[in-house]
Amino acid sequence: MILVLIDHDLGELDPLSLRVITAARKLTSDVQAVAIGEVGANLAGVVGEYGAPILHVAKHAALTDYTPAASGRALAQLVETLEPEAVLAAGSPRGNEQLAHLATILDLPMAAECSVISLSKTAGAPHSVTRARWAANLLEEAFVHSDLLIATVLAFSVEAEAVPGAGPAKVEMFEVNLEPSDLLVRVLSRGGESSKGGVTLTDAKVIVSGGRGVGGPDGFAQLEELAGLLGGAVGCSRVVTSAGWRPHAEQVGQTGTKVAPDLYIAAGISGAMQHIAGCKNSKTIVVINTDPEAPIMAYADYAKIGDLHKVIPALTSAIREMKG
Ligand SMILES: Cc1cc2nc3c(=O)[nH]c(=O)nc-3n(C[C@H](O)[C@H](O)[C@H](O)COP(=O)(O)OP(=O)(O)OC[C@H]3O[C@@H](n4cnc5c(N)ncnc54)[C@H](O)[C@@H]3O)c2cc1C
């Protein structure tokens, strides 16, 4: 059996988790899911439809928000009871962190961001994986010497596929015993843009992303307006988050969120490989940049050479006109 960690933010499903269920189903027909902390019936419904008939839910009074070490502890306790052959999660910052805690607690190796997983067929033989390294510019083939495979699945390497006719997952609660040290890192409060809700980067169909070329925090009002019109989300480069113009939750890239929208508009972003690592799975990339030689041009499906402060308002008013 493969156990899949279903990540959620206060009950809001991370859609990457559904891709992990599909990845697990390609390896075995026996897939179960686990969520840490309070989740609603909707989540059990979706998890079941994508092919995990049982959703284990970790219960403890302290599991009210993201608590990575406690997640690791809860997973370790469930692994002891269920004895799965693998525990998989999304290759997101949160998925990687929670499984790293699990691996540390069990004193086992963990393989992060795997695009290919092949489970060992013989007892004692290693599992094999292909991992994306160096901003996915290097694919590493590796063996994992451990009976239990603990691995995260590279974001967007598998499409989520619902199972026709599958019903909601059966929820099975389990009590977790936590040590005080499991609760040292926890969310105390939420603030800033990322607490506003709305379309998140991971599931946005359209992302309007800004870089240093936006010029400052106020410049993002134009990007927000365009994203709002297109029903999308605002993203940004690391220069922008480092300068404190936008919250880290909006950063796209190697050390931010990996995204795969239908449309990625990159305005005032040069296209450093660490940024491209986060957006190269986008179906269409539109670049707005004053520099025709900017490296991001190599990834552009369409490009407008020009000042984003003129191009974006023009685009916004053209779309408004089209929409009537
Ligand atoms: C370990 C590591 C991890 C990293 N992780 C990430 C990551 O996750 N995400 C990330 O983004 N970066 C990451 N970086 C940083 C990355 O290397 C780049 O420094 C960063 O992406 C550059 O941001 P930028 O494109 O906004 O800025 P710049 O490289 O300065 O580019 C600004 C662009 O704006 C254009 N421009 C200027 N004015 C205008 C205008 N008025 N209109 C239109 N265009 C204009 C310029 O021509 C230029 O192309 C990482 C770096 C390291 C070392």
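Heads up: the sequence shown begins at 3 in the numbering used here, then just goes up one per residue. Glycine included, C-beta positions come from ideal geometry on N, C-alpha and C.
Need the endpoints of the alpha helix (DSSP H) that residue i sits in, please.
i           : result
residue 117 : Where residue 117 is concerned, there is no enclosing alpha helix (DSSP H), although the beta strand (DSSP E) it sits in stretches over 113–120.
residue 77  : 70–84
residue 243 : 240–244
residue 189 : Unbroken run through residue 189: none, as it is neither H nor E.
residue 62  : Note, residue 62: premise wrong, no alpha helix (DSSP H); not H, not E.
residue 2   : Any question about residue 2 goes unanswered here, given that the chain covers just 3 to 326.
residue 44  : 43–51
Is the beta carbon of residue i less than 8 Å from the beta carbon of residue j?
i           : j           : result
residue 76  : residue 178 : yes
residue 174 : residue 278 : no
residue 38  : residue 89  : no
residue 132 : residue 148 : no
residue 262 : residue 239 : no
residue 292 : residue 303 : no
residue 288 : residue 298 : no
residue 187 : residue 67  : no
residue 146 : residue 111 : yes
residue 274 : residue 310 : no
residue 272 : residue 296 : yes
residue 12  : residue 93  : no
Going along the chain, which residues of its own chain have a beta-carbon closer than 7 Å to the beta-carbon of residue i, five neighbours each way excluded?
i           : result
residue 228 : 210, 314, 317 and 318
residue 121 : 29, 87, 88, 129 and 151
residue 98  : 114 and 154
residue 241 : 213 and 214
residue 280 : 254, 255, 256, 258, 259, 260 and 261
residue 294 : 307
residue 70  : 99, 100, 103 and 187
residue 78  : 104, 107 and 108
residue 204 : 16, 17, 18, 259 and 261
residue 10  : 16, 37, 41 and 45
residue 168 : 50, 51 and 53
residue 202 : 235
residue 192 : none
Looking only at its chain, what residues have a beta carbon closer than 6 Å to the beta carbon of residue i, apart from the 5 residues adjacent to it on each side?
i           : result
residue 24  : 160, 162 and 163
residue 276 : 137, 255 and 256
residue 207 : 263 and 264
residue 266 : 209, 281, 284 and 287
residue 140 : none
residue 243 : 250 and 253
residue 217 : none
residue 61  : 175 and 177
residue 26  : 4, 6, 33 and 90
residue 35  : 6, 8, 49, 54 and 57
Measure the beta-carbon distance from residue i to residue j and round it to whole angstroms, keeping in mind my assumption that it falls under 8 Å.
i           : j          : result
residue 150 : residue 72 : So it is not a contact: roughly 20 Å between Cβ atoms.
residue 41  : residue 59 : 6 Å
residue 170 : residue 50 : 4 Å
residue 22  : residue 91 : 6 Å
residue 20  : residue 52 : 5 Å
residue 180 : residue 64 : 6 Å
Using the DSSP secondary-structure output, state which residues sit across from residue i in a beta bridge.
i           : result
residue 259 : 254
residue 291 : 307
residue 299 : Partner(s): none; residue 299 has no beta bridge.
residue 130 : 120 and 145
residue 172 : 56
residue 14  : 11
residue 286 : 265
residue 28  : DSSP output for residue 28 lists no bridge partner at all.
residue 235 : 209
residue 5   : 34 and 89
residue 135 : 140
Where do the N-terminal and C-terminal ends of the beta strand (DSSP E) with residue i fall, by residue?
i           : result
residue 211 : 208–212
residue 154 : 151–155
residue 267 : 265–269
residue 36  : 33–38
residue 89  : 88–92
Can you give me the Cβ contacts of residue i inside the same chain, cut-off strictly under 8 Å, excluding the 5 residues immediately before and after it?
i           : result
residue 81  : 5, 89, 104, 108 and 150
residue 231 : 318, 321, 322 and 325
residue 236 : 209, 210, 211, 212, 222, 225, 226, 229, 248 and 252
Can we count residue i as close to ligand 3, meaning its CB is less than 7 Å from some heavy atom?
i           : result
residue 242 : Because ligand 3 does not appear in the structure shown, any question about it cannot be addressed here, the ligands present being ligand 1.
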